[in-house]
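Asks: Residue numbers (numbering that gives the first Met the number 0), protein chains in the order written: chain A, 0 to 211; chain C, 0 to 211.
There are 2 protein chains.
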Amino acid sequence: MTTLSPRQQQILEFLRAFIEEHDYPPSIRDIQEGCGISSTSVVDYNLRKLEEKGYIRRDREISRGIELLGARGRRTRIVEVPLLGTIAAGQPIPVPSSDRWAADAEDYVPVTEEMVRGRTNVFALKVRGKSMIEDLIDDGDIVFLEPVRHADDGDRVAVWLKDRGEVTLKRIYRENGRIRLQPANSAMEPIYTTPDNVEIQGRFISSIRPSE
Amino acid sequence: MTTLSPRQQQILEFLRAFIEEHDYPPSIRDIQEGCGISSTSVVDYNLRKLEEKGYIRRDREISRGIELLGARGRRTRIVEVPLLGTIAAGQPIPVPSSDRWAADAEDYVPVTEEMVRGRTNVFALKVRGKSMIEDLIDDGDIVFLEPVRHADDGDRVAVWLKDRGEVTLKRIYRENGRIRLQPANSAMEPIYTTPDNVEIQGRFISSIRPSE
DNA sequence: CGTTCCCGCGAACATCCGTTCGGACGGCGC
DNA sequence: GCGCCGTCCGAACGGATGTTCGCGGGAACG
Chain A
0 MTTLSPRQQQ ILEFLRAFIE EHDYPPSIRD IQEGCGISST SVVDYNLRKL
50 EEKGYIRRDR EISRGIELLG ARGRRTRIVE VPLLGTIAAG QPIPVPSSDR
100 WAADAEDYVP VTEEMVRGRT NVFALKVRGK SMIEDLIDDG DIVFLEPVRH
150 ADDGDRVAVW LKDRGEVTLK RIYRENGRIR LQPANSAMEP IYTTPDNVEI
200 QGRFISSIRP SE
Chain C
0 MTTLSPRQQQ ILEFLRAFIE EHDYPPSIRD IQEGCGISST SVVDYNLRKL
50 EEKGYIRRDR EISRGIELLG ARGRRTRIVE VPLLGTIAAG QPIPVPSSDR
100 WAADAEDYVP VTEEMVRGRT NVFALKVRGK SMIEDLIDDG DIVFLEPVRH
150 ADDGDRVAVW LKDRGEVTLK RIYRENGRIR LQPANSAMEP IYTTPDNVEI
200 QGRFISSIRP SE
């Protein structure tokens, strides 16, 4: 990335501070005053430079049409993932449909779009228990799942066990007519059951660990 | 919180969508067109209502001077954390100073501010090896550290071992005059050394697991 | 029916604001 | 010197934008 003149650094820093404070970008004249510049054209000139170099994006002819870009000229968006409940809770988790998939979410988890790996309709569950500890999923972690009905052997999936009326996160394996739900915890035994007793609710995408 | 008229809900929703798309608020006339309203004064009227009811904040006389308030409006900010290198690399990692703390970063990791727990000057390192696997930090994970020089017993810290010319992530314990660097991996032995051989570079805050 | 209140409409106004243009200053290479 | 280039200056133009005001329709109420 190209180098910035002192004035450009100053303007960039002012942009950050201004947006941080106001939640909307400054006008050219705001920048002018804030940086002690004597003419608006100087601001315009340097903003063009900053745009060429990929630090900002401008919408021409539009007041305050300045958008700060990230490190490599990219813009990281935030996805609000609905937190639908706890996994291993006694209640089955309603699987979201795509139209009103988040209507009954208690809460939302804001994460960078990288966490959902480009998937759509991702939902989140809070993990209870340590049954997946060897897959590095701890008690209290939040897991992100994509709503799928089918999974491959070895996938980490949230399944609803009909006879137990319970949803659990396990690795799934099909073994000659029956289903093995394998915890990632050597102290725990797998669950064996039949295909008609399980309903796959989602496949594991990623997880985060909330503040300790 | 008071109830909103359909028009006010419509405007509020438009505000959210517009800001999400542009990163700056709409003008009155943007709202007018976007909501199919025939007069700017109607927009102004309803914006006043929204401000009275506490959904937005307005800066008078300032174009696009609208700020979204409230839980759903509160924007989660993104922090660009400099990725300074790999931990357990052969090279000591230069600890950033607060003024030019990120000048030599190879890359930046965008994360929600929750990941840095409100700390400032946080930096990131990519983990190599499984020495902290029982603390749920895997090979390839990215850890976030706050630059500190001192730590308490049991803290997970990045330390520079002077004699090895190496930086490593371990739990630190002081034991009658010497230092024990404890891996979270029962297959590995702790490192014993002397206080003058270690230099604490940062304390563990959180970690993420990049795409698999 | 009259009054009041909420809400919408249209136009006009004053200002805000992005853009442009001519000019100037200083460093650098030829 | 001379030209070129990056940067800055001051002023002006014109469109964008927030604000205001008078007016009207409709619902609720006495």
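The C-beta atom is built at its ideal place from N, Cα and C for all residues, glycine as well.
Every value quoted in this text rests on a predicted model; they were computed, and no experiment measured them.
1) With 16 other CB atoms within 10 Å as the buried threshold, where does M0/C fall?
2) Could you check the C-alpha separation between I178/C and R170/C for me, to the nearest Å?
3) Based on DSSP bridge pairs, tell me the residues matched to E79/C.
4) Just grab the DSSP bridge partners of Y54/A for me.
5) So for R202/A, helix, strand or coil by DSSP?
6) Might you give, ordered along the chain, the residues of its own chain that have their beta carbon closer than 6 Å to the beta carbon of S130/A, omitting 5 neighbours on each side?
7) Could you tell me whether the Cβ of T167/A comes closer than 8 Å to any Cβ of chain C?
8) For V147/A, which three-state DSSP category applies?
9) Hey, out of D106/A, R173/A and E112/A, whose CA is closest to P189/A's CA?
10) Going along the chain, which residues of its own chain have a beta-carbon closer than 7 Å to the beta-carbon of T193/A, five neighbours each way excluded?
11) At what residues does the alpha helix (DSSP H) containing E19/C begin and finish?
12) With a threshold of 8 Å between beta carbons, is V41/A in contact with chain C?
13) Please classify Q8/C as buried or exposed, where buried requires at least 16 neighbouring CB atoms within 10 angstroms.
14) Report the rounded CA-to-CA distance for C34/A versus D137/C, giving the unit in angstroms.
15) Do I199/A and V142/A count as a contact pair if the criterion is CB distance below 8 Å?
16) Buried or exposed for D22/A, going by 16 or more other Cβ atoms inside 10 Å?
17) Thinking C-alpha only, which one of V41/A, R47/A, L124/A and S40/A is nearest I86/A?
18) For the alpha helix (DSSP H) that G28/A lies in, which residues bound it at each end?
19) I'd like to know whether the C-beta atoms of E145/C and R118/C end up nearer to each other than 8 Å.
20) Within 10 Å of its beta-carbon, does D70/A have 16 or more other beta-carbons around it, so buried, or fewer, so exposed?
21) With DSSP as the reference, label I207/A as helix, strand or coil.
22) Cutting at 7 Å between CB atoms, please list the residues of its own chain near A28/C, excluding the five before and the five after it.
23) What residues from chain A crowd round I77/C, counting only those whose CB sits closer than 8 Å?
24) I need the DSSP call for V158/C, collapsed to helix, strand or coil.
25) Just how far apart, CA to CA, sit V42/C and L14/C?
26) Just mark P5/A as buried or exposed, buried being the case when its beta carbon has 16 or more other beta carbons within 10 Å.
Replies: If we stick to the structure as given:
1) Bear in mind that a pLDDT of 48 at M0/C, under 50, signals an unreliable position, so the number given afterwards is only what the model happens to contain. Exposed, since its Cβ has fewer than 16 Cβ neighbours within 10 Å.
2) 10 Å
3) According to DSSP, E79/C bridges with P109/C.
4) Partner(s): none; Y54/A has no beta bridge.
5) strand
6) P182, N184 and M187
7) no
8) When DSSP states are grouped into helix, strand and coil, V147/A belongs to the coil group.
9) Considering only alpha carbons, the answer is R173/A.
10) R177 and I178
11) P5 to H21
12) no
13) exposed
14) 46 Å
15) no
16) buried
17) L124/A
18) Per the sequence shown, residue 28/A should be read as Arg rather than Gly. Start and end: I27 to G33.
19) For E145/C and R118/C, yes; Cβs fall inside 8 Å.
20) One detail in the question is off: residue 70/A reads as Ala in this sequence, not Asp. Classification of A70/A: buried, given that the 10 Å Cβ count is 16 or more.
21) strand
22) Residue 28/C is actually Arg in this sequence, not Ala. The residues are T39.
23) G69, T75, I77 and T111
24) Reduced to three states, the DSSP call for V158/C is strand.
25) 12 Å
26) exposed
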